[in-house]
Amino acid sequence: MSINAVSQTRIGTASAGGVSPSTQVEQLPKDHFQLLLSRSRPAKLAAQQAAFVQGDTPSAVFLLKEGRCVVEVTSKAGETRVVAERKAGDHFGEGAVLERRPFRTSGVRCVADEGCNIGVLTRAVFEDILRANPNIGVQIERIATQRTRSRVRTVIQMAAERSDCSVVKLEPNQVLFHAGDKADKFFVVDQGSIELSFPDPTTGRLLPARKLQKGDIFGASGLLSVGSDSEILDENATRPNTATALEASVLKAVPHDRFLSIMRQDSQVVAALKRTNSVDSARSTPQREVR
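Okay, here's the thing in structure tokens:
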């Protein structure tokens with residue numbers, strides 16, 4: 267059902283929150299990509315052929331030389347949806363190899379009419395290259411983090427499209443929540459901008475930490491109990507920061523339990539949320555704006 271057993275996978279549908287396009291995520295530098303490609307085995311995927319499917323054993327990393335692919339996830343209910351795209355110059359399949367997962371939690375399928383030219387790196391060769399070139403490993407880890415953020419963003423955007431999510435309108439300088447308030451919702455910025463700030467432990471004065479703009483997501487605090495390996499909502503969690511509108515702003519509020527109901531259909535998202543804490547990425551000390 268993959269490159270080793272030619273088959274067509276069912277065409278998934280794009281999620282309600284849209285696909286996080288590969289163009290929003292950086293690629294490996296060309297010299298790094300070419301080095302990996304030079305050590306790979308060339309292969310050709312026909313249109314709609316899968317490089318691998320969900321459930322396969324992770325035995326290789328793939329380099330997309332020409333064409334376009336989509337990343338698909340099939341829920342426990344059997345619904346398949348597209349969660350990301352890959353274009354020429356992208357690599358894929360490395361996460362499961364690096365994390366030594368026993369099986370793939372998503373599939374990748376060629377959607378270019380003319381097919382896709384790829385390079386296939388066995389696990390052993392890929393790990394040898396990373397040992398000899400640690401800077402490539404750093405680049406791959408950074409890209410993996412970006413992709414994780416895009417994955418979590420897609421799921422939250424899906425939740426934001428549901429009818430039971432509310433719209434919040436803020437005036438300039440209006441506070442959305444204070445540090446110490448109950449944490450029970452995500453927020454998606456539709457219009458305007460929001461500043462997250464933390465109280466100085468000495469003076470109590472609010473110190474700016476991050477500026478959020480259209481499309482940004484925040485408010486993950488309280489979603490998962492600390493140290494939990496499952497989807498456990500911490501109903502007593504409080505906000506670590508204060509959120510204030512810098513201008514007239516419109517937000518979508520997503521209850522944590524709504525997010526969890528969608529998250530349970532995607533086996534990667536819990537681990538992704540814990541691995542990067544990407545949805546609520548403000549830190550405990552002030553820093554420059556992070557996008």
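Under my numbering, the first residue of the sequence shown is numbered 267, with each subsequent residue one higher.
Ideal Cβ placement from N, Cα and C applies to all residues, glycine included.
For the beta strand (DSSP E) that contains residue i, what are its first and last residues?
{"i": "Gln300", "result": "Run containing Gln300: none in the beta strand (DSSP E); it sits in the alpha helix (DSSP H), Lys296 to Ser304."}
{"i": "Lys518", "result": "Ser515 to Pro521"}
{"i": "Cys431", "result": "Counting along the chain, Cys431 falls outside any beta strand (DSSP E), and DSSP gives it neither H nor E."}
{"i": "Lys480", "result": "First-last for Lys480: undefined, no H or E at that position."}
{"i": "Thr504", "result": "Run containing Thr504: none; DSSP gives neither H nor E here."}
{"i": "Lys331", "result": "Ala326 to Glu332"}
{"i": "Glu351", "result": "Thr346 to Lys353"}
{"i": "Pro465", "result": "Ile460 to Pro465"}
{"i": "Leu311", "result": "Arg307 to Leu311"}
Can you tell me whether residue i is helix, strand or coil according to DSSP?
{"i": "Ala317", "result": "strand"}
{"i": "Val455", "result": "strand"}
{"i": "Arg471", "result": "coil"}
{"i": "Thr411", "result": "helix"}
{"i": "Arg417", "result": "helix"}
{"i": "Arg524", "result": "helix"}
{"i": "Val377", "result": "coil"}
{"i": "Gly403", "result": "helix"}
What number of angstroms, rounded off, separates the C-alpha of residue i from the C-alpha of residue j?
{"i": "Phe299", "j": "Pro467", "result": "46 angstroms"}
{"i": "Ser459", "j": "Glu513", "result": "6 angstroms"}
{"i": "Ala313", "j": "Asn502", "result": "50 angstroms"}
{"i": "Gln457", "j": "Asn439", "result": "15 angstroms"}
{"i": "Lys451", "j": "Ser463", "result": "18 angstroms"}
{"i": "Glu497", "j": "Thr420", "result": "For Glu497, the pLDDT reaches just 47, beneath the cut-off of 50, and the residue's location in the model is therefore unreliable, although a value from the coordinates is still provided. Going by the C-alpha atoms only, they are around 18 angstroms apart."}
{"i": "Leu348", "j": "Thr340", "result": "The residue you asked about is not Leu; residue 348 is Val in the sequence shown. Using only the alpha carbons, I get a separation of about 9 angstroms."}
{"i": "Glu315", "j": "Thr388", "result": "A small correction: the amino acid at residue 315 is Gln; Glu does not occupy that position in the sequence shown. Each residue's alpha carbon lies about 19 angstroms from the other."}
{"i": "Pro474", "j": "Thr414", "result": "25 angstroms"}
{"i": "Asn266", "j": "Glu365", "result": "The question about residue 266 has no answer here: the residues shown for the chain are numbered 267 through 557."}
{"i": "Val336", "j": "Thr346", "result": "12 angstroms"}
{"i": "Thr510", "j": "Gly359", "result": "40 angstroms"}
{"i": "Pro324", "j": "Gly361", "result": "9 angstroms"}
{"i": "Leu301", "j": "Val441", "result": "50 angstroms"}
{"i": "Arg305", "j": "Leu472", "result": "52 angstroms"}
{"i": "Pro506", "j": "Glu437", "result": "22 angstroms"}
Considering just the uninterrupted stretch of the alpha helix (DSSP H) at residue i, what are its terminal residues?
{"i": "Ala362", "result": "Glu360 to Leu364"}
{"i": "Glu393", "result": "Arg389 to Ala398"}
Spatial neighbours of residue i within its chain, please: C-beta separation below 8 angstroms, excluding the five flanking residues on both sides.
{"i": "Leu396", "result": "Ile402, Gly403 and Ile406"}
{"i": "Ala390", "result": "none"}
{"i": "Lys518", "result": "Ala426, Cys431, Ser432, Val433, Val434, Phe453, Val454 and Asp456"}
Note down, in chain order, each residue of its chain lying with its Cβ closer than 7 angstroms to the Cβ of residue i, except the 5 sequence neighbours on either side.
{"i": "Lys331", "result": "Leu303, Ala354, Asn383, Ile384 and Gly385"}
Might you give, ordered along the chain, the residues of its own chain that have their beta carbon closer than 6 angstroms to the beta carbon of residue i, omitting 5 neighbours on each side?
{"i": "Gln320", "result": "Thr340, Arg370, Ser372 and Gly373"}
{"i": "Val516", "result": "Lys435, Asp456 and Gln457"}
{"i": "Asp379", "result": "Ala313"}
{"i": "Asp495", "result": "Because the pLDDT at Asp495 is just 42, under 50, the model does not fix this residue reliably, and the point stays unresolved."}
{"i": "Arg352", "result": "Ser288, Leu330, Cys335 and Phe358"}
(request) Mind the definition here: the segment 359 to 377 touches the segment 294 to 308 only if three or more C-beta pairs lie below 8 angstroms; say whether that holds. (result) No: fewer than three Cβ pairs fall under 8 angstroms.
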